[in-house]
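In our numbering, the protein residues as written are 728 to 874. First up is the structure itself, then whatever we jot down about it.
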Amino acid sequence: MARILFLCHGNICRSPMAEFVMKELVRRAGRTDVSVESAALHTDEIGNDIHYGTRGKLVEKKIPFSPRAAWLLTAAKAREYDYLVGMDDYNIADLRRLVYPEDRPKIRKLLAFAGQTRDIADPWYTGNFDATYDDVLVGCTALLAQL
Numbered sequence: 728m729a730r731i732l733f734l735c736h737g738n739i740c741r742s743p744m745a746e747f748v749m750k751e752l753v754r755r756a757g758r759t760d761v762s763v764e765s766a767a768l769h770t771d772e773i774g775n776d777i778h779y780g781t782r783g784k785l786v787e788k789k790i791p792f793s794p795r796a797a798w799l800l801t802a803a804k805a806r807e808y809d810y811l812v813g814m815d816d817y818n819i820a821d822l823r824r825l826v827y828p829e830d831r832p833k834i835r836k837l838l839a840f841a842g843q844t845r846d847i848a849d850p851w852y853t854g855n856f857d858a859t860y861d862d863v864l865v866g867c868t869a870l871l872a873q874l
């Protein structure tokens with residue numbers, strides 16, 4: 728079982744978008760050997776559901792989702808996953824500080840799976856959920872292909 732955890736600053740925009748996109752890609756591929764979740768690296772949004780912009784984009788793209796509450800990753804919880812996938816360089820730096828040294832090899836930036844080094848922009852700041860969705864889809868598709 729491949730256990731994937733997507734992470735972003737608050738766990739209301741990018742990481743839950745990646746969670747639900749990846750779950751749908753896994754379902755369409757008929758894979759039962761992949762589990763997917765998402766979490767926050769900061770406490771700003773703990774307990775909150777996904778951002779209305781993320782929700783709107785998932786509805787538009789017919790990606791199923793369910794109510795959820797943002798939660799904060801801990802080093803102990805990070806041990807449970809095979810992939811700790813951040814959205815930008817800040818997420819990667821936060822992860823490297825947070826997790827135990829032996830878990831650092833699990834850390835990757837989502838677009839790295841697609842051979843890209845750039846960040847996935849945070850639509851909380853940009854307001855551009857279209858661009859974020861496009862990048863998330865590219866990254867998740869490439870990650871699934873590598874599993």
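Yeah, the Cβ is synthetic: ideal placement off N, Cα and C, and Gly gets one too. Computed from a predicted model, the values in this text were never measured in an experiment.
Beyond the five residues adjoining it in sequence on each side, L864 comes within less than 8 Å, by CB distance, of V748 in the same chain, given in chain order.
When secondary structure is reduced to three states using DSSP, C735 falls in the strand class.
Bridge partners of L811 according to DSSP: L732 and I834. Distances from the alpha-carbon of A820 to those of M728, A729 and C735 put C735 closest. In the DSSP assignment, A766 falls within the unbroken beta strand (DSSP E) covering V761 to A767.
Counting every other CB atom within 10 Å of its CB across the protein chains shown gives R755 a total below 16, marking it as exposed.
Secondary structure note for P791: it is in no alpha helix (DSSP H), with a DSSP letter that is neither H nor E. Looking at the backbone, the Cα of D862 and that of K788 are separated by about 14 Å.
If you look at T859, you'll find it in the alpha helix (DSSP H) that goes F856 to Q873.
Take V812, set aside five residues on each side of it, and the residues of its chain with a beta-carbon closer than 6 Å to its own are F733, R835 and L837, in chain order.
For L822, the three-state secondary structure derived from DSSP is helix. Here L799 carries a strand assignment [DSSP, helix/strand/coil].
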